[in-house]
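Worksheet for the structure shown next.
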Amino acid sequence: MSKKDDQNGSPRDAHYAKLRRAHRDARRFREGQPEKTGRRGPKKAPGPLPVSDDEVLLYGLHTVRAAIENPERKRLSLKVTQNALARLTDGLELPKHLAVDIVRPREIDDILGEDAIHQGVMLKTRALPVRKLDALHDSPLLLVLDQVTDPHNVGAILRSAVAFSAGAVITTMRHSPAESGVLAKSASGALEHIPYIQITNLAKALEELHAMGFTSVGLDSEGPAPLEETMNGNRIALVLGAEGKGLRQKTRETVTALARLDMPGPIKSLNVSNASAISLYAARQFLAKSGGA
Numbered sequence: 001m002s003k004k005d006d007q008n009g010s011p012r013d014a015h016y017a018k019l020r021r022a023h024r025d026a027r028r029f030r031e032g033q034p035e036k037t038g039r040r041g042p043k044k045a046p047g048p049l050p051v052s053d054d055e056v057l058l059y060g061l062h063t064v065r066a067a068i069e070n071p072e073r074k075r076l077s078l079k080v081t082q083n084a085l086a087r088l089t090d091g092l093e094l095p096k097h098l099a100v101d102i103v104r105p106r107e108i109d110d111i112l113g114e115d116a117i118h119q120g121v122m123l124k125t126r127a128l129p130v131r132k133l134d135a136l137h138d139s140p141l142l143l144v145l146d147q148v149t150d151p152h153n154v155g156a157i158l159r160s161a162v163a164f165s166a167g168a169v170i171t172t173m174r175h176s177p178a179e180s181g182v183l184a185k186s187a188s189g190a191l192e193h194i195p196y197i198q199i200t201n202l203a204k205a206l207e208e209l210h211a212m213g214f215t216s217v218g219l220d221s222e223g224p225a226p227l228e229e230t231m232n233g234n235r236i237a238l239v240l241g242a243e244g245k246g247l248r249q250k251t252r253e254t255v256t257a258l259a260r261l262d263m264p265g266p267i268k269s270l271n272v273s274n275a276s277a278i279s280l281y282a283a284r285q286f287l288a289k290s291g292g293a
């Protein structure tokens with residue numbers, strides 16, 4: 001084969017390349033996108049996020065639907081594709097005051113970036129109201145996070161906390177994710193159903209919870225006893241640390257007790273979101289038996 005043939009390819013290669021281009025153009029036409037012409041230019045960078053400090057961009061069908069249904073949300077504007085609008089409004093009436101802009105998927109990509117799985121819908125909204133610890137008097141079960149930084153993990157934890165009817169997820173203002181589209185998407189709507197409370201001093205917050213009647217149990221792989229044998233009382237605050245470093249020393253000294261999850265298998269540690277779900281289940285079972293649930 002000559003060098004020229006190697007560069008340009010065989011007639012068969014050219015034929016299949018033409019078929020692939022035709023297939024891509026047909027797909028783009030079905031999705032309502034303009035046909036590409038000419039050479040592909042440099043990849044367009046995501047546009048700037050048009051939000052102020054007290055605003056967030058939420059995306060994904062479950063996330064946006066939950067935010068629209070949440071009366072505490074102040075919704076500002078909605079960008080949505082025609083297909084996504086039909087799915088979003090199936091059984092849901094949009095607020096009359098909400099500005100709705102029908103767009104193509106690429107327009108949302110340009111704002112959020114192509115890695116965001118937005119499902120054709122993006123809601124601009126105010127951040128949720130700040131919550132305080134003194135609003136938790138009626139809840140028997142809380143989840144406290146000691147500098148868990150990954151918004152995907154925290155989102156999954158919020159979802160588990162809602163599933164097991166925890167009263168709040170409490171975390172630090174530093175070294176933890178603020179309310180964001182990534183956090184809300186990972187929570188898949190759970191952020192709208194549970195207070196997400198960020199405090200400045202975790203040790204002081206734990207002492208406040210103790211004064212409110214909570215027993216705080218810190219999860220530690222080297223805890224002296226299993227979680228099921230450590231819980232007592234009718235109000236439980238589970239405390240979990242970041243993966244790797246676990247609970248900080250000050251937190252370990254402040255909690256009522258340290259406990260471990262007994263795992264008979266060869267792996268003795270879990271992702272923090274998985275550990276949260278198991279701990280919440282165990283605590284809910286304990287509270288049901290003790291009359292605290």
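For the sequence shown, the UniProt record's numbering begins at 1 and goes up steadily by one.
Every residue gets a Cβ at the ideal spot worked out from N, C-alpha and C, and that includes glycine.
All values derive from a computational prediction rather than experimental measurement.
Taking 9 Å as the threshold (C-beta atoms), are ALA84 and VAL56 in contact?
no
Which same chain residues, not among the five before or five after ALA99, have their C-beta less than 8 Å away from its C-beta?
LEU76, SER77 and LEU78
Near PRO151, what residues of its chain come up, given a Cβ to Cβ distance below 8 Å and the 5 sequence neighbours on each side ignored?
PRO177, SER180, VAL182, LEU183 and SER186
Per-residue DSSP class, three states only, for LYS185:
helix
Answer yes or no: do GLU72 and GLU192 have a C-beta to C-beta separation smaller than 9 Å?
yes
Are the region 242 to 259 and the region 145 to 162 touching by the rule of at least three beta carbon pairs closer than 8 Å?
yes
Within 10 Å of its beta-carbon, does SER221 have 16 or more other beta-carbons around it, so buried, or fewer, so exposed?
exposed
Tell me the residue span of the alpha helix (DSSP H) that contains THR149.
That residue, THR149, is in no alpha helix (DSSP H); it is neither H nor E in DSSP.
Less than 8 Å between the CB atoms is what I'm expecting for ASN234 and LEU287, so what's the real figure, rounded?
7 Å
Simplified DSSP state of ILE278, which is helix, strand or coil:
helix
Looking at the secondary structure, which residues open and close the alpha helix (DSSP H) in which ARG73 lies?
Note, ARG73: premise wrong, no alpha helix (DSSP H); not H, not E.
Output the distance between the C-alpha atoms of GLY32 and ALA86, rounded to the nearest integer angstrom.
Model confidence at GLY32 stands at a pLDDT of 48, short of 50, so the residue's coordinates are unreliable; what they give is reported in the following sentence. So the two alpha carbons sit approximately 15 Å from each other.
Looking at the strands, I want to know which residues DSSP matches up with MET122.
TYR59 and LYS79
Extent of the continuous alpha helix (DSSP H) to which THR215 belongs:
Careful: THR215 lies outside any alpha helix (DSSP H), inside the beta strand (DSSP E) at 215 to 219.
C-beta atoms of HIS97 and ASP109 nearer than 9 Å
no
Three-state secondary structure (DSSP) of VAL162
helix
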